[in-house]
Each structure stands twice: as C-alpha cells, then as structure tokens.
Amino acid sequence: MTPALPLLVRERSAAHRGLQTAGIVLLAVLAVYASTMNSFRLGQLTVALLYATAIAGLNLATGYTGQLSIGHSAFFGLGAYTTGILVASHNWNPLVTLIPAAVLCFATGLLVGLPSLRIRGINLALVTLALGVAFPELIDRFSGLTGGQIGLNVSVFQLLPPHWTGISIANRFQYYYWLAAGLLAIVLVLCATLTRSRAGLAMRATRDRETAAAAMGVNLAWTKMVVFGLSGAITGVAGCIFAIYLGSLSADASFTLTLSITLITGLVIGGVSTTLGPVIGGLAVYFVPYWTENVRQGEASELIFGVILIVLMFVMPEGLMGLIIRLSRRILRIEPQPPARPGRPDAAGPAPSGAGPTTVIHHDEERNTA
Amino acid sequence: MQFFLDRLFDGISNGAIYAALALALVMVYRATGTINFAQGEMALFTTYLAWGLTTKHVPVVLCLLVAAVAGFALGAVSERVLVRPIEKRSLLATLIVLLGLFSVLNAADGLIWGKGNQSMPSLFPNTLQSYVSVLGARLYWANIGVWLLVAAVVGLMFALFNGTRLGLQMRATANNRESAALAGIGVGRILMLGWGISAAIGAIAGVLFTPLTPDSLGLGEMFPLLIYASAAALFGGLDSPGGAVLAGLLLGIAEVMLSAYVPAIGGQLQEAIAFVAIVAVLLLRPQGLFGTREVERV
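Read top to bottom, the protein sequences are chains A and B.
Counting along the first sequence from 1, when you hit position 229 you're at 229 in our numbering, and nothing is skipped either side.
Take any residue in the second sequence, note its place counting from 1, add 1000, and you have its number in our numbering.
So, in structure tokens, the structure goes:
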C-alpha cells in the first residue's frame, strides 16, 4: 500500500461524519438547483426520481437478498391504482392513500414471496414474471373498479398541492417534484439503515450462502418474505406518487412487463447492492431513451436496454455506482471501527463480528461515499 | 356434446403448443439449470422470420424449416456466447442476461417487422370449410396438423433421448456435468446442442401456433405462451420431459374448458389463472408431478 494515496479515514470519526455531511449537503443543493427548472423538465425529473425510488425497492429484494423480481411493475401499478381509485372514487386525500397502498403492496409481496421459501431462485423469478404479465390483465378484468382499458382519470383539482405548501396551481409541478424527491430521500435513508444493520447482514448472507446463513441462525423464510414485502411496498408507494403526478392511469401503457425490465435495467446500470445506484439508474433509464428516441423511434429504447443489460453483466456487473466506489477507494478509504466495543458486553455475544461470517459476505457496500 | 368437442379440439391444439414449449424449457433447464426467459421471444423471432418469408411467396413448409434452423442457431449461439460465460458467476446474473436477450429480441422484431399484428398463413388447409365432422363438432385440418406435427416432434425427442448415443450423452450431462465430462463427453457441445434443439422446438411451435388465430402475430404474442409453458413445465416437473408434455396438454384443455364453462373467468383472466397455477404448484408440490425432488448436499 502506498503511504500517500488511499487516504484512510476511520469509520464514525469526525472526518467521516464531515464527509458524509458534505455529501448530503451536496445532494440537497443539487435537488434545490433542479427544482428551479421549467415545468416540463421538472415533470421528467419527477418520473425519473420515482423510478429511482422503485428501483431502490427492487434493490432490497434483487440486489441485497438475491431474489430476482420481474414483477415489480405490478407493485408500481398496484400502488398507483390504489391511490387513483381511493382519490377518484372515494375522495381520499392523495397523501393518505400512501398508507393503504403500502400495506396492500406489502401483503402482496409476502404472498408472492411465499413460494420462494420452498425452492429458490428461478421459481420466484417465474412467479414474479407471471405476476407482471397478469397485472394489466387483472386491471382490464376489474374494469368497474379500475376503468379497464379506457383508463382511470383523477381530476387535477383533487391532486393540487395542499394550501400549507404555499405552492400555487401554476407551480404544481414543484409540488410533485418535491414529493418524489422527499420520498426518494426517505427511502434511501431507510434502505441504507436497513442494509447496514444486522438484518442487512442476514439479507446478504441469504443471498451469498443460503446454507451458511441458515447455519448462522438466519431465518431464511422470514428474511426472504419480509424483504420481498418491503421491497414491493417501497415500489408501490413510488407508484402512488406516480398516480398523483400523472392523474390518469392505464395499465396497458404504464405498468407492463416493459416497466419491470426498465427497473431491472436501471438497477444494473446504477449498481446492484449499492445505496445510491438506484438514483443513477432511475435517471439513466428515464433520460437515455428520451435522448435516443430522437435518433430512432419506437423499439429503440427497449433494444438499447437489452443490449445495456447484457453488456453490463459481462463487463461491469457492479454498475456505475460500483465503479465509482471502486475508483474512489484508490483515493479515500474508510477503515471500519474495530469490532470490540468495551462497555457494551451484549454486542460481543453471538454477534457475527470480526472474522466469522463477514468474510463470506462480499463487501459490496459503499462505505466511503457520504 | 358438440360444444364440448369443439372446445376440446381447441384445447388439445393449445395444449400441444404449450407441451412443445414446455419441453423446450425442460431441455434448457436440464442443460443449464435455469428457465430460459427468452424462450418465447426466440420463438417469436423465428416466427416473424417465417412470416417474413411467406410474404415473399416462399412455401410455408420451407419457412417452417428455415425457422427451425434459425431457431437452432439462435439457441446454440445464445448458449455459447451469452449463457456459458456468465452462468458460473451466479443464477441471478444468468437470469438478467436472459432477460436482456428477451428485451433485445422483442425490440428487434418490432424494428425489423413493424409493430402491427399480422396473420400467419397455415401449413395446412385453413379455410372455414376444411374440417371433418366428429359427432357434429368441427375438427379442422389445421388442428389435426398441429397435433400430428407436435406428436412427431415429441416422439423424435424421446427417441433421441432414450434411443441414441447422443441422447445418452445429453442425459448424462443433465444428470452430472462433471462426471459426464470425466467420462469423455464433450459437455460444451452437448449444452449448445441442447439449447439449439430447444429453440428449434420453440420455433416450430411458434410457426404452428400463430396461424390458429388470425392477426395473432404481434410483439406481445409470446408472453402468455411462455407463462403457460412455464406453468406446464413446473407442473410436470422441471426436469421431466414426459411430465412437461402431459402437463402442457392438460393445461391447454383446462384453460379452454374453464373459460367455456366458468363464465366468471371469461376470456380475460387467463394469464392470471396460469399465475395462480404456478404459485399453487410451487406451494403444494414444488418438484411437480414427475420431477425429482431437489436434494442438496451441505
């Protein structure tokens, strides 16, 4: 190791905290700067941030726990339709609908995760594929509730920013943007906290060595089901805000298998099992097709996504965020705290600190980004 | 009776197609241990290819052959170039690559042949008059043709598996790749062959299935087919070719009968039914009817 370049910063030291704060401030400044753009760009950005949120949800199941889901479009759609129906037909406050939507998506996620307990891997992928294909069909079938193929329209007046925000009708895209950005921030903090906790360790152990994880006392069934439920709930809530922003829903247009593939592509581009990867991925899958659409119409974006997916899996499976982390480690490295913590005897108990299972788990988490 | 028979004939035709595709899925599963998500899109691509040739007045039989050969090449090349380098890394990586292939093929179809739905000419006489009467019900020649061709393909496959040296090598590779390699079998060649044959079966199924319904050749045609075939393969047992064929037939008949006799299900909930079937099989009997239970050595 060269003495100069990888600067060593101890985890949770003042310098580390300072770097983290600087990073968060930078992101916040970027978010405020972005909010000054015109309504059209702001609308685009809103959808991109919602994709990022949905991908962050997908990341919990697919990235950290290794359960490939090709059905997250259904969760996104389920959330969107829950909000749409409750607001349009029952006159609910749009923001309150996030709660039943999250519960519904969580429950659906548990149900879908159920079969994966018996046997793993491809079976769950298959179930989620079937879910993704079946969702638009279910929406068409229950057209009395959902508007079916005609679509579901919510009056703009029910989706205006509430008075306390002080945002005028003309500037309502500001409101949608901040809703999306706020949700994304909350979800990112939640995911970062979860994946760095003991539960996160259990998730990654389940992904990397199922048998070893079970031997270490991880409840595989519980971990997989709850993570899948949580993953579905996060993606579903992103769908709620999508409904609030868009106001008109059509399952055949917005919530097909193509959306699922888009989300997976975003996850792979941004970086599987990274905290900020979904943000990069969400922006990429929204804006790359938008720019290339000018070059070639129609199926071009789907083709590009497919090619990107394949090529990335071969040459850069860690994604953009993974690449950034790997490169930044040459300049700055965060040293983990020594495991022994005097004064907290409980932490020294069966906790998998030190050599044990942590060596099995790939250290794929970025520790040196704020 | 006539109503029932009409439905039964339709059900057997659909079932034969599901059976063929399920057999294709099982072949890939036995070779690589994954479900080929791109199976349906490979079939769609070759079906479009065949359709494209028919518009140039090439005889349909020839188109079927071209599709099968193209399918074989597509499958074999995909295995060699895309799947084999990545499958060592993880199942997740393999599935994502296959999903990428799915996306590429579907988009390529749209770019080459356009988005609109097309009608595919049939290999068999396919007018409203070309049927034989069975107890008052109409049994169309197109249906009989599909049954016979699928039966021939399935028969050939079983003869290949059980009666030839190559089939023995394929079974050995599916059973234990390392032992097979140690016994002198060219495992790589067998894997490519397995994928190739699988995609060729899919190609034949696509060319046979599409003419059964007018205007059915479209970009979304194969999603439901893949779901049904997967449900059949799971139901029969993912590593059991016989089980997949039987389950495919049963599923085809069950699907048609359900929508004919249970009005609540109607014509719209069919993928949802397949979804429920998949979940039920996985919950109740994850190894399927004839599959072997997965045993893991720790």
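We treat Cβ as the ideally placed atom computed from N, Cα and C, and that holds for glycine.
Give me the Cα-Cα distance between B/GLN1129 and B/ALA1142, rounded to the nearest whole angstrom.
-> The residue you call residue 1129 of chain B lines up with position 129 of the second sequence. The residue you call residue 1142 of chain B lines up with position 142 of the second sequence. Whole-angstrom Cα-Cα distance: 11 Å.
Pick from A/ALA61, A/ARG204, A/HIS16, A/TYR286: whose alpha carbon is nearest that of A/VAL218?
-> Your numbering for residue 218 of chain A matches position 218 in the first sequence. Closest option to A/VAL218, Cα to Cα, is A/ARG204.
In chain order, which alpha helix (DSSP H) runs of at least 4 residues are fully inside the segment 255-310 of chain A?
-> 257-270, 277-292
Return no unless some Cβ of chain A is closer than 9 Å to the Cβ of B/ASN1014.
-> The count along the second sequence starts at 1 and reaches residue 1014 of chain B at position 14. Cβ-Cβ to chain A under 9 Å: no for B/ASN1014.
C-alpha distance - A/MET1 paired with B/THR1292, whole-angstrom precision = Within the first sequence, residue 1 of chain A is the residue found at index 1, counting from 1. Within the second sequence, residue 1292 of chain B is the residue found at index 292, counting from 1. Annotation note: pLDDT 48 at A/MET1 (below 50); position unreliable, coordinate value reported separately. If you take the alpha carbons of A/MET1 and B/THR1292, they lie about 52 Å apart.
In angstroms, rounded to a whole number, what distance separates the CA positions of B/VAL1276 and B/SER1240?
-> The sequence position of residue 1276 of chain B within the second sequence is 276, counting from 1. The sequence position of residue 1240 of chain B within the second sequence is 240, counting from 1. Going by the C-alpha atoms only, they are around 21 Å apart.
Report the partner residues of B/ARG1138 according to the DSSP bridge assignment.
-> For the purposes of this step, residue 1138 of chain B is taken as residue 138 along the second sequence, with counting starting at 1. Partner(s): B/SER1133.
Using alpha carbons as the reference points, say which of B/LEU1135, B/VAL1281, B/ALA1159, B/TRP1147 lies closest to B/PHE1004.
-> Counting from 1 along the second sequence, the entry for residue 1004 of chain B is found at position 4. When only C-alpha atoms are compared, the closest one is B/LEU1135.
Is there a Cβ from chain B that is less than 9 Å from the Cβ of A/HIS16?
-> Position 16 of the first sequence, counted from the start, is the residue given in the question as residue 16 of chain A. Chain B contact via Cβ: absent.
Could I get the ranges of all uninterrupted alpha helix (DSSP H) runs contained in the segment 1064-1123 of chain B, with 4 residues as the minimum, in chain order?
-> 1084-1087, 1091-1113
Quickly, what does DSSP pair B/VAL1061 with across the bridge? List them, please.
-> Position 61 of the second sequence, counting from 1, holds the residue named residue 1061 of chain B. Bridge partners of B/VAL1061: none, in fact.
May I ask you to list the residues that DSSP assigns as paired with A/GLU210?
-> The residue given as residue 210 of chain A occupies position 210 in the first sequence. DSSP output for A/GLU210 lists no bridge partner at all.
Where A/ASN91 falls: helix, strand or coil (DSSP) = The residue labelled residue 91 of chain A in the question sits at position 91 within the first sequence. Coil.
Comparing the CB of B/LEU1098 with every heavy atom of the ligand PLP, is any distance shorter than 8 Å?
-> Here there are no bound small molecules, and the ligand PLP is not part of this structure.
Mind checking who A/GLU335 pairs with in its DSSP beta bridge?
-> Numbered from 1 along the first sequence, position 335 holds the residue referred to as residue 335 of chain A. A/ARG10, per the DSSP bridge assignment.
With 9 Å as the threshold, decide whether the Cβ of A/THR62 is near any Cβ in chain B.
-> If you number the first sequence from 1, residue 62 of chain A lands on position 62. Chain B, which has a Cβ nearer than 9 Å to the Cβ of A/THR62, makes this yes.
Could you confirm whether any beta carbon from chain B is found closer than 9 Å to the beta carbon of A/LEU320?
-> By one-based count along the first sequence, residue 320 of chain A stands at place 320. For A/LEU320, the answer is no, since every Cβ of chain B falls outside 9 Å of its Cβ.
Minimum C-alpha distance to A/ASP140 - residue among A/LEU42, A/PHE255, A/GLY281 | What you label residue 140 of chain A is simply residue 140 of the first sequence in a count that begins at 1. Nearest C-alpha to A/ASP140: A/PHE255.
Which residue's Cα is closest to the Cα of A/GLY282: A/ALA48, A/ILE325, A/THR275?
-> By one-based count along the first sequence, residue 282 of chain A stands at place 282. Taking only the C-alpha atoms, the option nearest A/GLY282 is A/ALA48.
Cα-Cα separation, A/LEU68 to A/ILE324 | Numbered from its first residue, the first sequence carries residue 68 of chain A at position 68. Numbered from its first residue, the first sequence carries residue 324 of chain A at position 324. Each residue's alpha carbon lies about 24 Å from the other.
DSSP state of B/SER1198 mapped onto helix, strand, coil | Translated into positions along the second sequence, residue 1198 of chain B becomes position 198. It is helical.
For the putative contact between A/ALA243 and A/THR83, defined by C-beta atoms under 8 Å, what is the C-beta separation to the nearest angstrom?
-> Translated into positions along the first sequence, residue 243 of chain A becomes position 243. Translated into positions along the first sequence, residue 83 of chain A becomes position 83. Contact holds; Cβ gap of about 4 Å.
For B/SER1179, which three-state DSSP category applies?
-> Looking up residue 1179 of chain B in the second sequence gives position 179. Three-state result, B/SER1179: helix.
What whole-angstrom Cβ distance do B/ALA1231 and B/LEU1251 have, given they're in contact under 8 Å?
-> For the purposes of this step, residue 1231 of chain B is taken as the residue at position 231 of the second sequence. For the purposes of this step, residue 1251 of chain B is taken as the residue at position 251 of the second sequence. B/ALA1231 to B/LEU1251, Cβ: 6 Å. Contact.
If A/TYR51 sits next to A/LEU249, beta carbons under 8 Å apart, how far is it from one beta carbon to the other, in whole angstroms?
-> As a working note, residue 51 of chain A is residue 51 in the first sequence. As a working note, residue 249 of chain A is residue 249 in the first sequence. A/TYR51 to A/LEU249, Cβ: 16 Å. No contact.
Inter-residue Cα distance where the pair is A/ASN59 and B/LEU1168 | Along the first sequence, one-based indexing puts residue 59 of chain A at 59. Along the second sequence, one-based indexing puts residue 1168 of chain B at 168. Distance between the alpha carbons of A/ASN59 and B/LEU1168 is about 42 Å.
Alpha carbon to alpha carbon, what distance is there between B/GLY1110 and B/PRO1121?
-> Along the second sequence, read from residue 1 onward, the residue named residue 1121 of chain B stands at position 121. Along the second sequence, read from residue 1 onward, the residue named residue 1110 of chain B stands at position 110. Whole-angstrom Cα-Cα distance: 20 Å.
Could you spell out where the alpha helix (DSSP H) holding A/VAL373 opens and where it closes?
-> An answer regarding residue 373 of chain A cannot be provided, because it is not within the stretch 1 to 370 covered by chain A.
In chain order, what residues of the same chain have a beta carbon less than 6 Å from the beta carbon of A/LEU372, not counting five sequence neighbours either side?
-> Residue 372 of chain A lies beyond the residue range present for chain A, which begins at 1 and ends at 370; the question has no answer from this structure.
So what's A/LEU152 in DSSP terms, helix, strand or just coil?
-> For this step, residue 152 of chain A is matched to residue 152 along the first sequence. It is a strand residue.
Chain B beta carbons: is any one of them nearer than 9 Å to that of A/THR146?
-> Looking up residue 146 of chain A in the first sequence gives position 146. No, A/THR146 lies away from the interface with chain B (no Cβ there is under 9 Å from its Cβ).
B/LEU1008 - DSSP class collapsed to helix/strand/coil | Here the question's residue 1008 of chain B lines up with position 8 in the second sequence. In this structure, B/LEU1008 counts as helix in the three-state DSSP scheme.
Beta-carbon of B/SER1216 versus every beta-carbon of chain A: anything under 9 Å?
-> Walking along the second sequence from the start, residue 1216 of chain B turns up at place 216. For B/SER1216, the answer is no, since every Cβ of chain A falls outside 9 Å of its Cβ.
So, using beta-carbon positions, are A/LEU230 and A/PHE106 closer together than 9 Å?
-> Working through the first sequence from its first residue, we reach residue 230 of chain A at position 230. Working through the first sequence from its first residue, we reach residue 106 of chain A at position 106. Against a cut-off of 9 Å, the Cβ pair of A/PHE106 and A/LEU230 comes out as a contact.
Positions along the segment 1245-1279 of chain B whose CB lies within less than 7 Å of some CB in chain A | GLN1268, LEU1269, GLU1271, ALA1272, ALA1274, PHE1275, ILE1278, VAL1279
Where are the alpha helix (DSSP H) runs, 4 residues long or more, that stay fully inside the segment 60-140 of chain A, in chain order?
-> 72-90, 98-113
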